[in-house]
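For the sequence shown, the positions run 231 to 686 when our numbering is used. Right, one structure below, let's go through it.
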Amino acid sequence: MKVARMDQQRARRGNAALSAVAALGVIAGTAAAMFVWGGDESHIPRTAGKVHEVAPTAAAPICEEGNGGITLPAGFCATIFADRLGPARHPVVAANGDVYIAIAVRSRAATTGGIAVLRDTDNDGKADKQETFGAIGGGGLALGGDFLYVDARTAVLRYRLTKGVMVPTGEPDTIVSGLPAGGHSTRDIALDGRGNMFVNVGSITNVCLSGGRGVPQTAPDPCTELETRAGVWKFSATQVGQKFSPATRFVTGLRNGVGLKWNPRDNALYATQHGRDQLFQQFPQLYDQKKGAENPAEELMKLEPGDDFGWPYCYYDIDLKRLVLAPEYGGDAKMPGRCASKKNPVVAFPGHWAPNAVEFYSGNKFPAKYRDGAFVAFHGSWNRSPEPQGGFKVAFAPSKQFKFDGTYEVFADGFGGSGDPAQGPHRPTGLTTMPDGSLLITDDKAGRVWKVIYTR
């Protein structure tokens, strides 16, 4: 009898293994059907609203060999939480660990995108259930209570979430419409937990000049673009049917204040700014190629009502460590001029690194030095040439009692591979802290998501 029972157990295990192999074959076919390769919309999921399950691998190792292609400080490692999602931009995470990620359009002419929802049911550090919904995606997401707020380029939509259900069952409400189109068109969203919603509206130009970037020009003064762009606007998070209006502007002078983030621990709004381009190319008499590559600085900013950060009249010089007057407005690369009255950043980074996200670490699983500091995801440059391109990494800026000393260090690197990083495999874009204290990093080039954990 004992031998018979053992034979039955072996048979059951064999059947389970065969079922798992078969399931994996089905999954591979489904995954292949999910993606269309080529064109500006490559990697975008095409089967919205359907569930795609990956066979759980409870015995899988916690850390990927080589951390999934990135380098991390000693004591940290990473799993590949998900892969090949498409242009994965900003993530948010629900209390139960479900992860929502904005899947952006591939080009400004494209019209499809959506939201990916990921769930790790066996806690092995890898999502084994995926769903998609929505048809239009920009870059921004925010989660507040039972609602998910979604960037729809010229509007902000709000979906009601149901506990335990990954995909919303109803149609979204339109919270605000009429946001300016074109230019820097992704809309980052932040909620303060007090009923307010903040939305970034980036500029349509490089430095308030509509005639292109090819030659130096005198820019219009005042810059009328500031009336409806290059700032952050404040709305009600609960009122449906609001219209965009210049009257609800919260701060101004931000060329493109992506990385918009409310920090609940110090009750303050922050943003990262993409600085202007082409100082060296347009004004070689004032800037050599290295100066133009390193300037203007990219910035982490603390936003308070009525702040003016200076764009387009000013830029932050990473060498002088202060705002200076832009050459289009009579600047000589040194004088502060009217910029002395504008607000400085809390941390400055090298030029053109493209900071796309900021995450204040509030977990308790990383070493104490990371508590309340800011992780910043740098998408990477395209315009530092003839100097090497830069960015393509996640940096960390420490703070003590929410005061930054202006320093930072590289936390995660290697996204750009071993050659020209602009041609590399990955570009970090979004960040969020998981309920278990780990850090998620998204990549909008290959659609990879890393889960970074501390092992000591």
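Quick reminder that beta carbons are idealized off the backbone N, C-alpha and C, glycines included. Note that this is a predicted model, so its numbers are computed, not measured.
My understanding is that residue i touches residue j, with C-beta atoms under 8 Å, so please give their C-beta distance in whole angstroms.
| i | j | result |
| --- | --- | --- |
| residue 644 | residue 582 | Not confirmed; about 19 Å, so no contact. |
| residue 660 | residue 318 | 7 Å |
| residue 481 | residue 462 | 5 Å |
| residue 357 | residue 306 | The Cβ separation is near 20 Å, so there is no contact. |
| residue 666 | residue 599 | Not a contact, Cβ separation roughly 19 Å. |
| residue 483 | residue 449 | In fact, because the Cβ distance is near 14 Å, the residues do not count as touching under 8 Å. |
| residue 300 | residue 315 | 17 Å between Cβ atoms; not a contact. |
| residue 543 | residue 556 | 6 Å |
| residue 539 | residue 573 | 5 Å |
Quick one: is residue i buried, meaning 16 or more other Cβ sit within 10 Å of its Cβ, or exposed?
| i | result |
| --- | --- |
| residue 470 | exposed |
| residue 668 | buried |
| residue 563 | buried |
| residue 672 | buried |
| residue 550 | exposed |
| residue 272 | Because the pLDDT at residue 272 is just 30, under 50, the model does not fix this residue reliably, and the value given afterwards should be weighed accordingly. Exposed, because fewer than 16 other Cβ atoms sit within 10 Å of the Cβ of residue 272. |
| residue 352 | exposed |
| residue 326 | exposed |
| residue 473 | exposed |
| residue 232 | Residue placement at residue 232 cannot be trusted, given a pLDDT of 36 that sits under 50; the coordinates are not used to answer. |
| residue 256 | Residue placement at residue 256 is poorly supported in this model, since its pLDDT is 34, which falls under 50; the coordinates are not used for a value here. |
| residue 345 | buried |
| residue 440 | exposed |
| residue 393 | exposed |
Taking Cβ to Cβ, would you say residue i is nearer than 9 Å to residue j?
| i | j | result |
| --- | --- | --- |
| residue 509 | residue 517 | yes |
| residue 478 | residue 464 | yes |
| residue 370 | residue 309 | no |
| residue 605 | residue 589 | yes |
| residue 608 | residue 584 | yes |
| residue 560 | residue 554 | no |
| residue 400 | residue 382 | no |
| residue 743 | residue 467 | Absent from the model: residue 743. The displayed extent of the chain is 231 to 686, so no value can be given. |
| residue 651 | residue 586 | no |
| residue 293 | residue 683 | yes |
| residue 534 | residue 498 | yes |
| residue 592 | residue 663 | yes |
| residue 634 | residue 577 | yes |
| residue 414 | residue 486 | yes |
| residue 655 | residue 681 | no |
What do you reckon, is the C-beta of residue i under 8 Å from a heavy atom of the ligand NAP?
| i | result |
| --- | --- |
| residue 397 | The ligand content of the structure shown is nil, which means the ligand NAP is not present either. |
The segment 496 to 506 touching the segment 425 to 440, judged by at least three CB pairs closer than 8 Å: yes
Please give the ranges of any beta strand (DSSP E) in the segment 332 to 389, keeping only runs that are unbroken, at least 3 residues long and fully inside the region. Every unbroken stretch of the beta strand (DSSP E) spanning 3 or more residues and falling wholly within the segment 332 to 389 is given here in chain order: 344 to 349, 359 to 363, 371 to 374 and 377 to 381.
Within 8 Å, do at least three Cβ pairs link the segment 512 to 526 to the segment 394 to 408? no
Suppose only complete runs of 3+ residues qualify. What are the beta strand (DSSP E) ranges in the segment 419 to 463, listed by chain order? 419 to 421 and 426 to 431
Which complete alpha helix (DSSP H) runs does the segment 547 to 594 hold, if anything under 4 residues is left out? none
Segments of 3+ residues assigned as beta strand (DSSP E) that fall wholly inside the segment 472 to 554: 479 to 482, 491 to 493, 498 to 503, 528 to 533 and 544 to 547
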